[in-house]
Amino acid sequence: MKCRFQSKIFQNEANGYTIAAYWTADPSIPNEARKKPAGNGFIITAVGNDLPMIKNLTYELTGYWVNNPKYGTQFEVEAHMEIVKRTKEGIIGYLSSGAIRGIGEKTAQAIFDRFGLDTLEIMEQHPEELLAIRGINEKKLDEIKSAYSENQCFRELMTFLAPYKITSSQVKKILLEFGSMAPEIIRQRPYKLCEIKGFGFLTVDKIAKKFNANLNDPIRIAGGISYLMKKAASEGDLYLYQKSLISKALELLNAELPQQAVNERQIQRVLYQLALQRDLIVEGNRIYEYGFYEMERETAKMLVAHLLDKVPLYNVEKELEEAQQVLNIRLSEAQAKAVRMTFAHPVSIITGGPGTGKTTVLKVILYIQKQLCDDQVQLMAPTGRAARRMAESTGEENASTMHSALGLAGDDEFNEDFEYLDANFLCVDEFSMVDMRLAYEFFRHIKRNVRILCIGDADQLPSVGPGEVFRQLIECGLIPVTVLDLVYRQAEHIRIYENAQRIKDNTGALHTGDDFQILECSGAEETAALVQKVFRQELQDKSIDDVQVLTPYRKRGAASVNELNQVLREIVNPQDSRKRTMTVGKRKFREGDKIIQTKNRDLVSNGDMGIIRQFFLDEEGRKKAKLLFSDEREMIYSAEDMDEVELAYATTVHKSQGSEYPVVILPWIKGFYTMLKRPILYTAVTRAKEKLIIVGEQAALYQAIRTDNRGMRNTILAKRIVAEYHTATENVQETDCEQLKLAI
């Protein structure tokens, strides 16, 4: 379809998603797509990534028509190309459009006056002739040549990469990497795109196959291996076994091909080269990405150094009794043991489910620490909600997220330059959420001779990121561990905690009552409808902050996060003409929406919830959002920042880790398939403080209880800790012997 740009309706600056109006006279346009007549044509709406928006140019858009229930028929653009008409108006319009730096309207007119309809051929083949134009010197000519070449390359790349959802910002990355040779490089060696950050192997492979690329190119094989290693990390593994990696690579690299293109020997050769370059580390039959290998190995070394530190060790019987009297607390023997362990060892662990008194124990520990040492204490947790809960329950104001305490800018932005933490007593709550990256940074920031306490629930889901650090620390056998397994919380909510214990131990039927309800229904649609009804009922005497819907799936079916968020929002925050909205990609937010932060940033942490207070235009006319997070933290977000925000009427069980809610509504059906596992159900149940309402199928509930299927992640942190400890203690013994000889 040939058309001309009319006006921009919307553009997401973060990802390039654009909605724009175009004029066309194409008679094949469906009648329902014709928004309004204009001259001898009509206006249509197009949607796509980085649509062209220069008014002086004619474009050819390639794509297909889609019917949007709300906005009507729109043209989904897969590719676009500038069409420069070989007329005076077309050539001058193109040159003066702003696409070519150094040429304005007057210069464009002068160029056409001299070269006429041959202008574009002159610019492509004999650009030096432009020196004859008044105002164009050698310096300006170089600028024009460079801009013209870039524009030609950009147009060419956008044309054949647009069907693969490659954005203009990604095309600019390609040009920055490969320059004017980019189109030729992509045609001849498309797998070099894998070397540019942000280009996934699967997308590059589709592009390459279009150009009949060499499918056993070592760069392709390396890209496939890198993809598989990153996929393994996203599933929690620090390494893959060599045999498994080769098998997966053979399957990936030969998928949907009429015959095998890559064999095992070729994969092994590339693995060998990647190992020589230290991109991969081969250790026995295990293959690591270099970064994860170093993190696991160095974390073990640093932890062992702390285990052998000469921190002051105390007998705290007197202080323990005093603390219980002052705080009006009476500890069980297991709880008292946890306190003693903390002061008798440099590193210790307390693990237990909800209601078992972990917070009570921590209060006593903090009281004794201040009485004995009056040292600076640092409390932290992986998420903002967990850190604030820690501060509220202990009365300590200095609890913070681990990212904030360690000076980490974002989820993956770890710096080589850092300062050691000042505190002499460090306590991390919700340690089961700590992945390998964060554990490495934590131990790297700790100075020597400090006391470390890790608190968590080993039966919860492991960290979202790779590794299984908390369980590995427990299983290494070198760190004293106190298990709290008796429930002490108040009787009115006792069923939640007792049932959590039954789920964890797979012992007997669940007991229902006012605080633990199971509402039976069948299928995703019926379950979603009942969730809405229960949600509405609970909000009659509770705030939106107190009622949270949790579900295992993000996208699949009516009982998923995405689907439930849309229908639950209409109950709490229905649209009306007074509420402004902001569209981010294909998501639409409205004023008053409940939202959740999905990445760490300054002042706001992953998992923090809040409300959209207002949308407004700043002084430069850019749309902004005013968000209010808990603790009255007000933040101003751009459209790009809003990519880090999601609706939060419903959220995933995984995202709820580290949080507690007065009321949890939990859809649970057979359709959740792979998510019907005991750790997922246990984590969901233990998020509820006062009431849990399970909506769905009891058969699915008991299937999850029977299915432990925790699945061991590929990590050997525990083994490394043991090996490092033996090496370190042997060295200490040898040193002691040498000193004894000298003394004799």
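The opening residue of the sequence shown carries number 504 in our numbering; numbering runs sequentially from there. Virtual Cβ for every residue (Gly too), placed ideally from N, Cα, C.
Buried versus exposed, by CB contacts within 10 Å (16 or more), residue i
{"i": "E922", "result": "exposed"}
{"i": "A758", "result": "exposed"}
{"i": "Y791", "result": "buried"}
{"i": "T1232", "result": "exposed"}
{"i": "D1134", "result": "exposed"}
{"i": "F714", "result": "exposed"}
{"i": "H906", "result": "buried"}
{"i": "K1007", "result": "buried"}
{"i": "I1139", "result": "exposed"}
{"i": "Q872", "result": "buried"}
{"i": "N1002", "result": "buried"}
{"i": "P849", "result": "buried"}
{"i": "Y742", "result": "buried"}
{"i": "V569", "result": "exposed"}
{"i": "Q762", "result": "exposed"}
{"i": "L679", "result": "exposed"}
{"i": "L598", "result": "buried"}
{"i": "T1230", "result": "exposed"}
{"i": "K1244", "result": "Confidence in K1244 is poor, its pLDDT being 49 and thus under 50, which makes the residue's placement unreliable; the coordinate value appears in the next sentence. K1244 should be labelled exposed."}
{"i": "R1181", "result": "buried"}
Helix, strand or coil at residue i according to DSSP, with G and I counted as helix
{"i": "Y775", "result": "helix"}
{"i": "P533", "result": "coil"}
{"i": "F578", "result": "strand"}
{"i": "V850", "result": "strand"}
{"i": "H1229", "result": "helix"}
{"i": "F681", "result": "helix"}
{"i": "E1094", "result": "coil"}
{"i": "S903", "result": "strand"}
{"i": "L1013", "result": "coil"}
{"i": "S747", "result": "helix"}
{"i": "G855", "result": "strand"}
{"i": "L1120", "result": "strand"}
{"i": "R1083", "result": "coil"}
{"i": "C697", "result": "helix"}
{"i": "E786", "result": "strand"}
{"i": "R954", "result": "strand"}
{"i": "A1246", "result": "Because the pLDDT of A1246 is 45, which lies under 50, any placement of that residue in the model is unreliable, and the number read from its coordinates should be weighed accordingly. DSSP places A1246 in helix when its eight states are reduced to three."}
Bounding residues of the beta strand (DSSP E) (the contiguous stretch that carries residue i)
{"i": "N570", "result": "T561 to N571"}
{"i": "L1195", "result": "A1191 to G1199"}
{"i": "N1002", "result": "That residue, N1002, is in no beta strand (DSSP E); its alpha helix (DSSP H) goes I997 to D1008."}
{"i": "S652", "result": "Segment E641 to L664 is the alpha helix (DSSP H) holding S652; no beta strand (DSSP E) there."}
7 Å Cβ cutoff met for residue i and residue j
{"i": "V580", "j": "L560", "result": "no"}
{"i": "W526", "j": "A549", "result": "no"}
{"i": "L1150", "j": "V1167", "result": "no"}
{"i": "K1097", "j": "I1021", "result": "no"}
{"i": "E646", "j": "G605", "result": "yes"}
{"i": "D529", "j": "M556", "result": "no"}
{"i": "I603", "j": "N654", "result": "yes"}
{"i": "F1132", "j": "R1083", "result": "no"}
{"i": "T985", "j": "M893", "result": "no"}
{"i": "Y991", "j": "N1068", "result": "no"}
{"i": "S1108", "j": "T904", "result": "yes"}
{"i": "S1141", "j": "P983", "result": "no"}
{"i": "I1274", "j": "R1039", "result": "Residue 1274 is absent from the model: the chain starts at 504 and stops at 1247."}
{"i": "T576", "j": "E535", "result": "yes"}
{"i": "G1113", "j": "T886", "result": "no"}
{"i": "V819", "j": "N952", "result": "no"}
{"i": "I1197", "j": "V1156", "result": "no"}
{"i": "Q879", "j": "L929", "result": "no"}
{"i": "G727", "j": "A752", "result": "yes"}
{"i": "V1070", "j": "T1054", "result": "no"}
Residue range of the alpha helix (DSSP H) that includes residue i
{"i": "A803", "result": "Y793 to L810"}
{"i": "N818", "result": "Counting along the chain, N818 falls outside any alpha helix (DSSP H), and DSSP gives it neither H nor E."}
Near the ligand FAD: residue i beta-carbon under 6 Å from a heavy atom
{"i": "S599", "result": "Absence of the ligand FAD from the depicted structure is noted, as is the absence of any ligand whatsoever, leaving it without description."}
field: Three or more C-beta pairs below 8 Å linking the region 672–687 and the region 632–646
entry: At 8 Å Cβ cutoff, the stretches do not touch.
message: Whether or not the region 812–832 and the region 853–867 are in contact is what I'm after, with contact meaning three or more pairs of Cβ atoms, one per stretch, closer than 8 Å; do they touch?
response: They touch, by the three-pair rule.
query: Do the region 934–946 and the region 960–972 make contact, defined as three or more Cβ pairs closer than 8 Å?
result: Segment contact: the region 934–946 against the region 960–972, three or more CB-CB distances shorter than 8 Å; contact assigned.
- prompt: Touching or not, the region 661–669 and the region 579–596, by the rule of three or more beta carbon pairs under 8 Å?
  reply: Enough Cβ pairs lie closer than 8 Å, so yes.
task: Take every Cβ of the region 1174–1183, pair it with every Cβ of the region 1079–1094, and state whether three or more of those distances are shorter than 8 Å.
output: Taking a contact to require three or more Cβ pairs closer than 8 Å, the region 1174–1183 and the region 1079–1094 do not qualify as touching.
message: For the structure I just gave you, are there three or more beta carbon pairs, one from the region 1209–1225 and one from the region 803–813, closer than 8 Å?
response: Touching, per the Cβ criterion.
- request: Indicate whether the contact test is met: 3 or more Cβ pairs, each with one atom in the region 723–733 and one in the region 693–708, closer than 8 Å.
  value: Result yes; three or more Cβ-Cβ pairs closer than 8 Å.
query: Should the region 1198–1212 be regarded as contacting the region 773–788, the criterion being three or more beta carbon pairs within less than 8 Å?
result: Output reads no: the region 773–788 does not touch the region 1198–1212.
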